[in-house]
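What follows is a short report on a single structure.
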Amino acid sequence: MTRIKIRTQIKAPIQTVFDISRDIDVHQKSASRTNEIAIDGVTSGLINYNETVTWRGKHFGFYLTHKSRITAMNHYDYFVDEMEEGKFKSFRHEHIFYKKNGLTIMKDKIHYEVPYGFFGELFDFLFLKNHMINFILERNKVLKMLSESKP
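In my numbering, the protein residues as written are 3 to 153.
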């Protein structure tokens, strides 16, 4: 299982960061490099507990779909999305929020497993993990910019 942890400091109220991070339209904007769009489930606005979204985006030259469900949510503290359908063997993304020294800290904890045994593990080691890290860093850059510019 691969684990990724990313911590982002944002100069904005925790409620703003929490809502922007679960906004489908914002995610589409932050994932524009992969042409990622919501094609089913919640396709616009804020996603909530037990709702699903199916994404379609171009990764590694292929259009892929990924269906996630929000499996846990405590407003302004955290929410969790988990894959229901997609190319991973399993995928879980924890979004955690807290205040520290006047900032909102947003933590991403991603745990996933790849299929295809040794070849999947090799692909993950050589390409996928870095792709995932860069994808989240780009997403967080947009979330930070939008959160900090909100009046």
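All residues carry an ideal CB built from backbone N, CA and C; glycine is no exception.
Ranked by Cα distance from Thr-106, the first of Asn-52, Tyr-78 and Met-3 is Tyr-78. For Leu-48, there is no enclosing alpha helix (DSSP H), as DSSP marks it with neither H nor E. Excluding the 5 residues flanking it on each side, Met-75 has same chain C-beta neighbours closer than 8 Å at Asn-50, Tyr-51, Phe-81 and Val-82, in chain order. Inter-residue distance for Leu-139 and Ile-6 is about 11 Å (C-alpha atoms, whole angstroms). Residue environment for Ser-149: buried (at least 16 other C-beta atoms within 10 angstroms of its C-beta). Exclusion of the five residues before and after Pro-15 leaves Thr-106 as the residues of its chain whose Cβ lies within less than 8 Å of its Cβ.
Annotation for Phe-20: Tyr-78 and Phe-99 place their beta carbon closer than 6 Å to its own, counting only its chain and skipping 5 residues before and after.
Runs of the beta strand (DSSP E) spanning 3 or more residues and lying entirely within the region 53-104 occur at 54-61, 64-76, 80-87 and 92-102, in chain order. The secondary-structure analysis by DSSP pairs Tyr-114 across a beta bridge with Thr-4 and Phe-93. Counting only the Cα atoms, Phe-93 lies some 10 Å from Met-3. Thr-45 is positioned such that its CB atom lies no closer than 8 Å to that of Lys-69. Arg-9 is a Cβ neighbour of Lys-109, given a cutoff of 8 Å.
Under DSSP, Met-108 shares a beta bridge with Thr-10 and Phe-99.
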